[in-house]
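Chemist: Could you have a look at this structure, given as structure tokens, before my questions?
Residue numbers (the working numbering): 74 to 240.
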């Protein structure tokens, strides 16, 4: 893989995150925070976790101080979560815009110690995989709430954009 391939994967990641938000914003507040005996419990907990993890890994890749993780409020905080989410996405996009092929094998993370030997490409794949996993969990919860959702398969993203066509 090269830097351009990772940018394409992350464009998919961002599109699918926005698709999830399309469903989340339409939920009544009580369903947004409703506890499920599954994974992290609620749609809100899932979405906050996904955002916080994306933010932490990209801060580590960028060598910047880790922010205080977002803590959900006791009120409907979807607007605040979405604003932070958009900010995280913009920082991720900025990092990816500067990504070069030679950077993929660098090991920029110093702390925690267990992450020191992770190459950039490994972290980038982990974040994509983590996002897919948690979006799938959110989609399952949305389905249980009666929301009609769609597939998040990468190949459908490729087909929709015509990225499978040769020039």
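No residue lacks a Cβ here, since even glycine has one placed at the ideal position from N, Cα and C. These figures come from a predicted structure and were not determined experimentally.
#1: Quick one: any contact between the region 114-124 and the region 202-222, if contact means 3 or more CB pairs under 8 Å?
#2: For the putative contact between residue 131 and residue 102, defined by C-beta atoms under 8 Å, what is the C-beta separation to the nearest angstrom?
#3: Just to confirm before moving on: does the CB-CB distance between residue 220 and residue 96 stay below 9 Å?
#4: Rounded to a whole number of angstroms, what is the C-alpha to C-alpha distance between residue 188 and residue 233?
#5: Can you give the beta carbon distance from residue 193 to residue 176, rounded, assuming they're within the 8 Å contact cut?
#6: For a test of the three-state rule: what should DSSP assign to residue 177, helix, strand or coil?
#7: Do residue 155 and residue 98 have their CB atoms nearer than 9 Å?
#8: Short of 8 Å in beta carbon distance, which residues of its chain neighbour residue 125, apart from the five on each side in sequence? Order them along the chain.
#9: Does the separation of the CB atoms of residue 162 and residue 127 fall below 9 Å?
#10: Please state whether DSSP places residue 138 in a helix, a strand or coil.
#11: Quick check: what's the CA-CA separation for residue 181 versus residue 89?
Modeler: In this structure, then:
#1: yes
#2: Their Cβ separation, rounded to whole angstroms, is 29 Å, which puts residue 131 and residue 102 out of contact at 8 Å.
#3: yes
#4: 36 Å
#5: 6 Å
#6: helix
#7: yes
#8: 142, 143
#9: With contacts defined as CB atoms closer than 9 Å, residue 162 and residue 127 qualify as a contacting pair.
#10: coil
#11: 28 Å
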